[in-house]
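One structure is given here, and the rest of the page talks about it.
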Amino acid sequence: MSPLTYLLVFEAKVSSLNEIIENQSALISYSFVLGLQSIMLLLLITQCKFIRISKDHITLYNPLLPLLFRRYNWENFDSYTTVMEHSRGGEHEAIWLIKNDRIKVRFSSFYYSNYQKLKREVPLKRKGKYSASPLRQFGSIVFGLKIK
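Here the working numbering = 1-based position in the sequence shown + 8.
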């Protein structure tokens, strides 16, 4: 629980939900904090994953909800490319698994300490190194823009 949530839940001295609804500033504060935490939880659920690579497939597991996993056969991909992804902390190498010139799966050295091992185990044809601006990378990752 974040300190902000603690303050709102335990220190705000609100006795009922009706009191929050009637007090507009309290309603805005609670909505903001709960919305922000919902976004963070959603990002954690969708972006945080364990990766297992076998000779036949790659499996992505969600550590919070292990029953939510995705398995892709290697035949589902055309190739892979390495990319230097930009972040506030600098640049980090990532692998993008490609199907029809779009990213299907990606994993980065920023998130995975065993990135080099994962990279060696990918049995796909390497398409080379992809170089793009941070804005183009964002568009490819979030909006599914084609990789040129």
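Note that the Cβ used here is the ideal one computed from N, Cα and C, for glycine as well.
### Buried/exposed call for SER33, threshold 16 Cβ in 10 Å
SER33 should be labelled exposed.
### Query
If you draw a straight line from the alpha carbon of TYR119 to that of SER95, how long is it in whole angstroms?
Using only the alpha carbons, I get a separation of about 12 Å.
#### Entry: Same chain, Cβ closer than 8 Å to TYR88, five either side skipped, listed in chain order
Cβ within range, chain order: ILE103, TRP104, LEU105, ILE106, VAL130, LEU132, LYS133, ARG134 and LYS135.
### Query
Whose CA, out of MET92, ASP86 and TYR138, lies closest to the CA of SER116?
Of MET92, ASP86 and TYR138, the residue nearest in Cα terms is MET92.
### Query
When the Cα atoms are used, what is the spatial distance from THR54 to ARG78?
Across the structure, THR54 and ARG78 are spaced so that their CA atoms are roughly 11 Å apart.
### Query
Under the three-state reduction of DSSP, which class applies to TYR80: helix, strand or coil?
If DSSP states are grouped into helix, strand and coil, TYR80 belongs with the strands.
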